[in-house]
Amino acid sequence: MSLTAFTAVATATLLLCIVTSPERDDLEEFYTGFGRLTPMRNGLAIAGDYISAATVLTTTGIIALVGYDGVVLALSTGLSLMLLMFLLAEPLRNAGLFTMGDVLARRMPGRAARMAACAVTLAALVPLMLVQLAGAGDLLAFLLGFSDETFKTVCVIGVGGLMISYAAIGGMKGTAVIQIFKIVMLLGSGIAVAAVILHRFGWDPGALLAEAARRSGAGRAYLTSGLQFTGSSFPRLDMISSELTVVLGGAALPHVTMRMYTARNAREVRRSMSWAVSAVGVFVLIIAVLGVGAAALVGRTGIVADSAQGNTAFLLGARAAFGATLSTAESLLFTAVTTAIFLTLLASVAGMILACANSLAHDVFAYGRRQPTPRKELRTARISALAVGVPAVLLATLVQHRNLQPLTTLSFCLGASALAPALIYSLFWRRYTRAGLLWTLLGGTTACLILMTGSNLVSGSPGSAFPGHDLNWFPFTTTGIVSIPLGFLFGWLGTVLTSPRKAARQRQQYEAVEAWILAGAPVAAPPDRDRRRAGTD
């Protein structure tokens, strides 16, 4: 039944991409879908891009294993989208055109800002793609009952090919349709399973929590803070670092921010974000119930026996909620849950491939010595999807047997330490200079990469990527508590060290577009000679 459902969903979504694909020379339709989505649909697409398969599986697993700390982590994901809604969404819509590079180049024209933005976009999203591509093989093997390694590799390659097709064929509008389909299925099936779990415990959350604490192996500690970081030298600081990384990093990842450019005006982007925050809030409640339900119904021993990191807790909890014998209706509901997870894998990576391909085509190749025609740039964007997707699929087949949690953490750390400071400074600080921008992006990225090598996620613990080695010299699980301040510090240093003449000229460039960026107010001329569409609210 699951295989039939997966095949039907893959076929239907691919056909939807083909039907909604842009014409050969409609460059803006490929990048933004011409802003044709209503705020509700665009909001659901934003929520779909934001809720990745790693978020669904990993966060639910953390809740199942450590309880309170996992719920706080889930709430941080919702807080991250609220930060995007209230601080960045409207300025991003006003300043952006197609990519993160457009936002940063709005006040600092030139190839340097675009090239740096493209490099950090790839560095932040490729690790997250690898995690989800590698997890596709294990997930499908678990759902379909196979354990052969060759089967897992074939699944990774097949699913990767579908994801590349979605991005290359459908563009922004095609992937938006898939994201909407995904979020509706995920929320609908999740609500149904959460209701079944609560029904098993007489709709008494206290009874559910008590049973989860009893079977967690930690007792009352499961319901209090600190269980996730018991092995850390500084557990409180480690928790603050993790939450800060999720909040800032999730709000700045390029595959999420690119949806801001699809809104037609500021009012629509605000309404879209309201729908997105509501959908993510419901999702947080769902995974909290499913994670605690998995702990109560399966127990820590059963969860860890299947996956040491608890990545299958979502599915184990859903299956356990129905009992040993499933009726036809329960079988259909469980199939809907597994199909929603499968579709989440497809849609999440497709959105990331699209963000990377758009950045390569628009920020690197379209701003060379010769500006290509729209048709040629569109062809370049589709080729870029292949150029990003194929190596990612091949790398995923090589690393699929390792613990890839460090890669997920690295993506959020790069978003929080490089992209978030660059966006905040670029959108709101008048004195910010091109040197400060480059220092922020490159310095924040370098700090993350260096610090991550010394964390216990990479080595020095049984659950690390390299458990046989001990290179652990950094005392925190995530780099955020150090790398985020460094990212802001690098931007400040690069700015204050810029010569006064250059700083004054670049400040004037920002003042010329400040009203446009912050309020969408009309200006005497389009803020950027490279801007291909002009207009205000």
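Residue 393 in our numbering sits at position 398 of the sequence shown, and the numbers go up by one each step.
Even glycine gets a Cβ: it sits at the ideal position worked out from N, Cα and C.
Next on the checklist: What does the alpha-carbon distance come out to for the pair CYS408 and THR473?
Outcome noted: 7 Å
Checklist entry - Going by other Cβ atoms of all chains shown within 10 Å of its Cβ, with 16 needed for buried, is HIS396 buried or exposed? => result Burial call: exposed.
Checklist entry - With burial defined as no fewer than 16 other Cβ atoms inside 10 Å of the residue's Cβ, what is the status of GLY530: buried or exposed? => result Because the pLDDT of GLY530 is 36, which lies under 50, any placement of that residue in the model is unreliable, and the question is left without a value.
Checklist entry - CB-CB under 8 Å to LEU338, same chain, minus the five flanking residues each way: which ones, in chain order? => result VAL4, THR8, ILE173, PHE176, LYS177, MET180 and LEU181
Checklist entry - Candidates GLY166, GLY38 and ASP64: which alpha carbon is nearest LEU373's? => result GLY166
Item to check | Proximity of ILE378 and MET124 at Cβ, strictly below 8 Å | outcome: no
Next on the checklist: Helix, strand or coil, according to DSSP, for SER16 in the structure here?
Outcome noted: Annotated three-state conformation of SER16 is coil, per DSSP.
Next on the checklist: Using a Cβ-Cβ cutoff of less than 6 Å, which residues in the same chain neighbour SER236 once the five nearest sequence positions on both sides are dropped?
Outcome noted: These residues qualify, in order along the chain: PHE471, THR473, GLY475 and ILE476.
Checklist entry - At what residues does the alpha helix (DSSP H) containing ARG556 begin and finish? => result Absent from the structure is residue 556, since the part of the chain shown begins at -4 and ends at 532.
Item to check | Proximity to LYS147 [Cα-Cα], best of ALA129, VAL188, GLY489 and ALA342 | outcome: ALA129
Item to check | Through-space distance from ILE164 to CYS12, alpha-carbon basis | outcome: Whole-angstrom Cα-Cα distance: 6 Å.
Next on the checklist: So if DSSP puts SER454 in a beta bridge, which residue, or which two residues, is it bridged to?
Outcome noted: PHE461
Next on the checklist: List, from N- to C-terminal side, the alpha helix (DSSP H) runs of 4 residues or more that fit wholly inside the region 9 to 87.
Outcome noted: 22 to 27, 34 to 45, 55 to 61 and 63 to 78
Item to check | Contact set for ALA0: own chain, Cβ-Cβ below 7 Å, skip 5 residues either direction | outcome: For ALA0, where only same-chain residues beyond five positions count, the Cβ hits under 7 Å are THR330 and THR334.
Next on the checklist: Suppose the cutoff is 8 Å on Cβ atoms and the five residues either side in sequence are ignored; what does the same chain contact list for LEU232 look like?
Outcome noted: PHE471 and ILE476
Checklist entry - For LEU79, which residues from the same chain have a beta carbon less than 6 Å from its beta carbon, with the 5 sequence-adjacent residues on both sides left out? => result The answer, listed in chain order, is ALA246.
Checklist entry - Terminal residues of the continuous alpha helix (DSSP H) containing TRP198? => result For TRP198, there is no enclosing alpha helix (DSSP H), since its DSSP letter is neither H nor E.
Checklist entry - CA-CA distance, ALA316 and GLY286? => result 12 Å
Next on the checklist: In whole angstroms, give me the CA-to-CA distance for TYR45 and VAL251.
Outcome noted: The straight-line gap from Cα to Cα measures roughly 6 Å.
Checklist entry - For ARG209, which residues from the same chain have a beta carbon less than 7 Å from its beta carbon, with the 5 sequence-adjacent residues on both sides left out? => result none
Checklist entry - Looking at the structure shown, is HIS357 part of a helix, part of a strand, or coil, going by DSSP? => result In the structure shown, HIS357 adopts helical secondary structure according to DSSP, grouped into three states.
Next on the checklist: Within 10 Å of its beta-carbon, does PRO522 have 16 or more other beta-carbons around it, so buried, or fewer, so exposed?
Outcome noted: Residue confidence is low: PRO522 scores 43 on pLDDT, short of 50, so the model does not pin down where it sits. No coordinate-derived value is stated.
Next on the checklist: Count Cβ pairs between the region 421 to 436 and the region 480 to 498 that sit closer than 8 Å; are there 3 or more?
Outcome noted: yes
Item to check | Distance between ASP301 and ASP133 (C-alpha atoms, nearest Å) | outcome: 11 Å
Item to check | When ALA136, GLY288 and ALA350 are compared against LEU193, the one with the closest alpha-carbon | outcome: Residue GLY288 is the option with its Cα nearest to LEU193.
Item to check | Buried/exposed call for ARG102, threshold 16 Cβ in 10 Å | outcome: buried
Checklist entry - At a cut of 8 Å, does the region 259 to 271 reach the region 502 to 513 through at least three beta carbon pairs? => result no
Checklist entry - Would VAL4 count as contacting chain B if we go by Cβ distances under 8 Å? => result Any reference to chain B falls outside this structure, which holds one protein chain only.
Checklist entry - Going by the CB atoms, is the gap between GLY410 and ALA112 shorter than 8 Å? => result no
Next on the checklist: I need the boundaries of the alpha helix (DSSP H) containing GLN503, first residue and last residue.
Outcome noted: 495 to 514
Checklist entry - Taking DSSP as the reference, what is the three-state secondary structure of ASP301? => result helix
Checklist entry - Under the three-state reduction of DSSP, which class applies to ASN260: helix, strand or coil? => result It is coil, neither helix nor strand.
Checklist entry - Where do the ends of the alpha helix (DSSP H) carrying VAL394 lie? => result 369 to 394
Next on the checklist: Can you tell me whether ALA352 is buried or exposed? The criterion is at least 16 other CB atoms within 10 Å of its CB, across all chains shown.
Outcome noted: buried
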